[in-house]
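Everything in the sequence shown is counted per the UniProt record's numbering, starting at 1 for the first residue and increasing by one.
Idealized CB from N, CA, C, for every residue including glycine.
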Amino acid sequence: MGSQHVSVEYLSAGANRQTAVADWSRSGLLAFGADTNIALWAPKEDKQRGILVLLRGHGDVVKAVTFLPEEDGDQASYLVSGANDKSLIIWKSTPNQTKFGILHTSHDHAGAINCIAAIRLASDPARWLVASGAADATIHIWSFASDKLELLQSVKTTPKFFPLALSLSWLGDDRDALVLAAAGTKDTIQILTAETAADPIQFQSQASLRGHEGWIRSLSFARESSRPGSDLLLASASQDKYVRIWRFHQGRELPAATADGADPSGGAYMPGKSPSNKAHWIKAAGSKDFSVTFEALLLGHEDWIYSARWNASADGTLRLLSTSADNSLAIWEADSTSGIWVSTVRLGEISREKGATTATGSTGGFWTGLWSPDGRSVACLGRTGSWRRWERSDDPDDDVWRPCVAVSGHTKAVTGIAWSRDGAYLLSTSLDQTTRLHARWTAGGGAAGTWHEMSRPQIHGYDLNCIDSISATQFVSGADEKLMRVFSEPRAVAALLHRLGGIGSAEDGAAAMPDAASMPVLGLSNKAVDAVDDAAEAQPIDDRDREAMDPASIVKKSQLDPAAEEDVRPPTEDVLSRGTLWPEVEKLYGHGYELSCLAASHDRRLVASACRASSVNHAVIRLFETAPRWTEVRPPLAAHSLTATRLRFAPDDAHLLSVGRDRQWAVFQRTSGETPGYELLQANPKGHARMILDCAWAPRGTAPLFATAGRDKQIRLWRGEATNAEGKPLTFAQAAALSIGVPVTAVDFLPRRAADGRCLLAFGTEDGRVGTYLVSADGAKAEERPLPTDMHLPKAVAQLAWRPSQEKESGGTDVAELAVAGEDSSLRVYAFKDGFWKTT
Numbered sequence: 001m002g003s004q005h006v007s008v009e010y011l012s013a014g015a016n017r018q019t020a021v022a023d024w025s026r027s028g029l030l031a032f033g034a035d036t037n038i039a040l041w042a043p044k045e046d047k048q049r050g051i052l053v054l055l056r057g058h059g060d061v062v063k064a065v066t067f068l069p070e071e072d073g074d075q076a077s078y079l080v081s082g083a084n085d086k087s088l089i090i091w092k093s094t095p096n097q098t099k100f101g102i103l104h105t106s107h108d109h110a111g112a113i114n115c116i117a118a119i120r121l122a123s124d125p126a127r128w129l130v131a132s133g134a135a136d137a138t139i140h141i142w143s144f145a146s147d148k149l150e151l152l153q154s155v156k157t158t159p160k161f162f163p164l165a166l167s168l169s170w171l172g173d174d175r176d177a178l179v180l181a182a183a184g185t186k187d188t189i190q191i192l193t194a195e196t197a198a199d200p201i202q203f204q205s206q207a208s209l210r211g212h213e214g215w216i217r218s219l220s221f222a223r224e225s226s227r228p229g230s231d232l233l234l235a236s237a238s239q240d241k242y243v244r245i246w247r248f249h250q251g252r253e254l255p256a257a258t259a260d261g262a263d264p265s266g267g268a269y270m271p272g273k274s275p276s277n278k279a280h281w282i283k284a285a286g287s288k289d290f291s292v293t294f295e296a297l298l299l300g301h302e303d304w305i306y307s308a309r310w311n312a313s314a315d316g317t318l319r320l321l322s323t324s325a326d327n328s329l330a331i332w333e334a335d336s337t338s339g340i341w342v343s344t345v346r347l348g349e350i351s352r353e354k355g356a357t358t359a360t361g362s363t364g365g366f367w368t369g370l371w372s373p374d375g376r377s378v379a380c381l382g383r384t385g386s387w388r389r390w391e392r393s394d395d396p397d398d399d400v401w402r403p404c405v406a407v408s409g410h411t412k413a414v415t416g417i418a419w420s421r422d423g424a425y426l427l428s429t430s431l432d433q434t435t436r437l438h439a440r441w442t443a444g445g446g447a448a449g450t451w452h453e454m455s456r457p458q459i460h461g462y463d464l465n466c467i468d469s470i471s472a473t474q475f476v477s478g479a480d481e482k483l484m485r486v487f488s489e490p491r492a493v494a495a496l497l498h499r500l501g502g503i504g505s506a507e508d509g510a511a512a513m514p515d516a517a518s519m520p521v522l523g524l525s526n527k528a529v530d531a532v533d534d535a536a537e538a539q540p541i542d543d544r545d546r547e548a549m550d551p552a553s554i555v556k557k558s559q560l561d562p563a564a565e566e567d568v569r570p571p572t573e574d575v576l577s578r579g580t581l582w583p584e585v586e587k588l589y590g591h592g593y594e595l596s597c598l599a600a601s602h603d604r605r606l607v608a609s610a611c612r613a614s615s616v617n618h619a620v621i622r623l624f625e626t627a628p629r630w631t632e633v634r635p636p637l638a639a640h641s642l643t644a645t646r647l648r649f650a651p652d653d654a655h656l657l658s659v660g661r662d663r664q665w666a667v668f669q670r671t672s673g674e675t676p677g678y679e680l681l682q683a684n685p686k687g688h689a690r691m692i693l694d695c696a697w698a699p700r701g702t703a704p705l706f707a708t709a710g711r712d713k714q715i716r717l718w719r720g721e722a723t724n725a726e727g728k729p730l731t732f733a734q735a736a737a738l739s740i741g742v743p744v745t746a747v748d749f750l751p752r753r754a755a756d757g758r759c760l761l762a763f764g765t766e767d768g769r770v771g772t773y774l775v776s777a778d779g780a781k782a783e784e785r786p787l788p789t790d791m792h793l794p795k796a797v798a799q800l801a802w803r804p805s806q807e808k809e810s811g812g813t814d815v816a817e818l819a820v821a822g823e824d825s826s827l828r829v830y831a832f833k834d835g836f837w838k839t840t
């Protein structure tokens with residue numbers, strides 16, 4: 001069927017904002033939940049391909065992901081995930097770890113699964129113990145061996161809370177007892193123990209650790225050192241802005257620091273609060289006694305702390321990574337002489353929203369932090385769903401952490417996509433209120449040819465619904481605010497795209513471009529700004545000035561200058577979110593409700609748009625002239641009685657096609673005259689049996705041809721023919737009807753025909769299926785060319801867009817690229833080789 005001629009070029013998806021949503025395996029894979037998918041990424045690979053694969057399996061947002069601990073010689077990797085759909089899924093990799101498949105799915109929990117912990121009990125045969133905590137206020141204990149999952153125990157939390165964090169460890173050196181720490185929507189930590197000799201293993205509640213004054217988001221166990229008899233340490237991160245460290249010590253004698261009455265806060269204290277140093281006693285493995293005492297209070301973060309994770313380095317040093325809503329992450333170490341825990345590394349940034357905390361509704365900061373297997377790199381998940389990564393310098397005398405290329409993506413449904421007119425880059429817009437620019441990185445190193453997010457032109461206050469390119473340096477977008485906004489490329493982004501992807505010319509129109517753009521603190525419009533010298537100070541802001549600029553978004557001139565060759569790499573998340581905005585050049589008014597669709601003509605002279613409507617008056621299509629003054633062309637075009645769902649200009653702009661919720665399509669014909677305009681040519685009030693969701697024009701041929709896609713589970717092809725009478729206009733009649741079996745949500749024609757006149761039509765469905773048809777030149781026949789099932793989406797396909805330009809492989813083979821926007825927050829680019837047309 002030709003599936004070997006189709007490949008995935010690019011996958012982009014933002015991570016879910018959950019503490020337990022990601023894990024970094026010993027083999028180097030980082031897995032994270034992205035909407036209902038699980039994304040796999042190899043952060044330290046040389047090629048920097050970004051997301052390698054998106055795993056489908058869950059029916060709702062993924063909240064917890066954990067790799068089962070691996071050892072040398074393992075033939076496969078295992079991944080455990082939990083989601084809002086109450087399911088727990090075990091995934092197993094192929095021997096080369098390139099693909100994961102579902103091994104087992106459990107629905108034993110009665111609530112969303114929030115956290116997962118795992119420990120390896122035996123190696124031959126391999127056996128693991130898995131704990132899962134859910135919003136049903138229970139913790140389930142599972143045994144996993146020989147690819148089989150068995151529920152051993154269901155533990156109710158006491159006092160009742162919803163678990164948000166779990167951690168499992170061996171209690172002593174003998175490995176005859178396990179300890180499980182659980183915490184969540186209370187300020188206490190529940191400690192449970194179990195004997196490994198028991199069959200089945202059963203956990204008993206032993207103690208409740210008190211001290212925190214807010215929900216506890218993260219727990220992590222680690223041995224203090226590799227020496228026999230070393231104590232076990234537990235780190236807990238809380239919304240009270242503090243990390244606490246607890247010591248588990250074997251024997252009836254208390255550890256030295258506690259016995260001496262040392263201050264566990266290391267000399268730092270809070271007025272009116274005295275950290276309790278009460279010893280908790282627990283018994284395990286028969287008569288063994290363990291004490292649990294409060295070891296240290298880590299102060300330094302200014303907002304909720306979402307995660308804390310231990311890492312033991314090769315030299316035996318134990319380090320703790322904490323991430324906070326204050327936009328920073330910290331690495332802590334115990335001072336070798338005093339034993340006081342101090343922050344040795346601070347990464348991130350100064351809080352962007354001064355005065356805005358999580359307590360007042362902000363959802364900023366870093367939601368989780370991960371160590372690489374070798375401890376030389378850290379990755380953290382930010383509020384925008386994007387990852388940031390730092391790597392430690394190899395020079396032992398140079399303790400510097402340098403930012404690295406990471407992955408980013410939309411965090412909500414991708415509602416619109418548009419290629420630039422020359423196909424050089426791809427724009428996407430989403431309900432996460434951002435517009436993003438994606439392009440191929442062709443400059444520098446072994447990563448040449450990989451796709452990355454290169455700019456974030458628009459960060460908005462409304463959900464964005466539609467987008468189209470006007471020219472290579474200008475686009476228009478529509479949102480839930482009754483107007484459209486037009487953006488032009490600034491010099492900073494033009495220089496970046498030229499440097500990284502060879503897009504445009506370094507001097508092409510640069511003189512007329514503003515340096516960069518910035519967003520007023522209380523505004524929605526990106527303003528053009530001039531770059532400043534690196535040494536310039538940000539001016540103080542008057543709180544009463546609505547046009548005041550965020551000091552953090554001031555653009556330095558150094559960002560416009562070409563970087564050294566070794567630094568030619570895609571921008572990191574902090575640069576994307578602040579330094580790559582596009583200035584807004586125009587607003588287009590006229591609609592009475594939220595924008596539903598828009599389209600720009602191929603000759604760049606017109607923008608057509610429509611809004612949500614329940615009456616004829618509001619269901620009109622408005623035309624705006626782009627030059628010279630962005631004026632509306634009146635009167636608006638009337639045909640629909642309900643919302644128009646898609647507008648498409650014909651390849652030669654001779655016709656404008658519209659489809660809507662009123663089940664009809666309408667074709668407008670271009671009028672002659674100085675001012676461009678359109679008039680109704682033909683409307684079909686019974687185009688489909690149910691609402692029409694999308695439409696597309698076929699590339700130029702002997703007769704005009706377009707496709708419509710509807711909720712009636714059909715794609716219909718319509719061919720235009722002139723009547724016999726001379727001077728009579730075209731009329732469009734149905735040439736074929738293709739039954740798909742599910743509602744069709746998106747269609748698009750490849751903008752060029754095959755040598756025999758056939759054209760390639762891509763379609764997307766409500767259940768996420770992506771497929772293609774080879775359509776005959778007259779539209780009367782269509783032959784399906786299915787895509788591999790792993791290229792389908794878990795949710796509806798929102799839009800499809802073929803790349804305008806023709807790509808060629810190194811061998812000269814033609815490659816067609818299809819962009820796919822999904823309601824699962826993913827953006828994908830698929831490549832079709834020339835052989836795809838020829839297979840039978």
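Leaving aside the five residues that flank TYR462 on each side, the residues in its chain whose CB is nearer than 6 Å to its CB run, in chain order, ALA479, ASP480 and GLU481. Distance from the CA atom of LEU750 to the CA atom of ARG421, rounded to whole angstroms, is 14 Å.
Non-local C-beta neighbours of SER739 in its own chain, meaning closer than 8 Å and more than five positions away in sequence, comprise LYS713 and GLN714, ordered along the chain. The beta carbon of GLU333 sits closer than 6 Å to the beta carbons of ARG319 and THR344 from its chain, once the five residues preceding and following it are set aside; these are given in chain order. For PHE649, the beta-bridge partners assigned by DSSP are LEU656.
Selection LEU178, VAL529, LEU647 and LEU760 evaluated against ASP468 yields LEU647 as nearest (Cα-Cα).
Closest in alpha carbon position to PHE732, among ASP756, LEU705 and THR745, is LEU705. Taken in chain order, the region 109-164 contains no complete alpha helix (DSSP H) segment of 4 residues or longer. DSSP places ASP399 in the coil class of the three-state scheme, outside both helix and strand.
If you look at GLU573, you'll find it in the alpha helix (DSSP H) that goes 573-579.
Here TYR10 is buried, its C-beta having at least 16 other C-beta atoms within 10 Å. For ARG440 and ALA181, the gap between their C-alpha atoms comes out near 45 Å. A direct Cα-Cα distance of roughly 36 Å separates GLY251 from LEU79. Restricting attention to HIS107, LEU40 and THR36, the CA atom closest to the CA of ALA406 is found in LEU40. Partner residues in the beta bridge of LYS288, as assigned by DSSP, are ALA284. When only Cα atoms are considered, GLN202 and THR293 end up about 24 Å apart. About 35 Å separates the beta carbons of ALA34 and SER601, which is beyond the 8 Å limit, so they are not a contact pair.
The residues SER428, GLN799, ALA801, ALA819 and ALA821, in chain order, have a CB closer than 6 Å to that of ILE417 in the same chain once the five nearest residues on each side in sequence are set aside. Taking 8 Å as the cut-off, the Cβ atoms of ALA31 and ASP23 count as close. In the displayed model, PHE67 falls within a strand according to three-state DSSP. In this structure, the CA atom of ARG402 is about 11 Å from the CA atom of ASP394.
Sequence-distant partners of THR185 (beyond 5 residues in either direction) whose C-beta falls short of 6 Å from its own C-beta, in its chain, are PHE161, PHE162 and TRP215.
Under DSSP, SER27 shares a beta bridge with no residue. Here GLU302 has ASP326 as same chain residues with Cβ atoms under 6 Å from its own Cβ, once five neighbours each way along the sequence are excluded. Every unbroken stretch of the beta strand (DSSP E) spanning 3 or more residues and falling wholly within the region 34-66 is given here in chain order: 37-41 and 51-55.
For LEU623, the CB contacts under 6 Å within the same chain, skipping 5 residues up- and downstream, are LEU606, ALA608 and VAL633 in chain order. A straight line joining the alpha-carbon of ALA64 with that of GLY111 spans about 13 Å. In the three-state reduction of the DSSP assignment, GLN239 falls in the coil class, being assigned neither a helical nor a strand state.
Bridge pairing for LYS833: VAL815 [DSSP]. Distance from the CA atom of ARG785 to the CA atom of THR765, rounded to whole angstroms, is 15 Å. Secondary structure note for ARG499: it is in no beta strand (DSSP E), and the uninterrupted alpha helix (DSSP H) holding it is 491-501. Of all C-beta pairs linking the region 510-520 to the region 483-493, three or more are shorter than 8 Å, placing the two stretches in contact. Within the region 729-798, the runs of beta strand (DSSP E) at least 3 residues long that lie entirely inside it are, in chain order, 730-739, 744-749, 759-765, 770-775 and 782-786.
HIS452 is bridged by DSSP to ALA439. Distance from the CA of ALA495 to the CA of ALA424, rounded to the nearest whole angstrom, comes to 14 Å.
Out of ALA134, MET484 and PRO571, the CA that lies nearest to the CA of SER596 is found in MET484.
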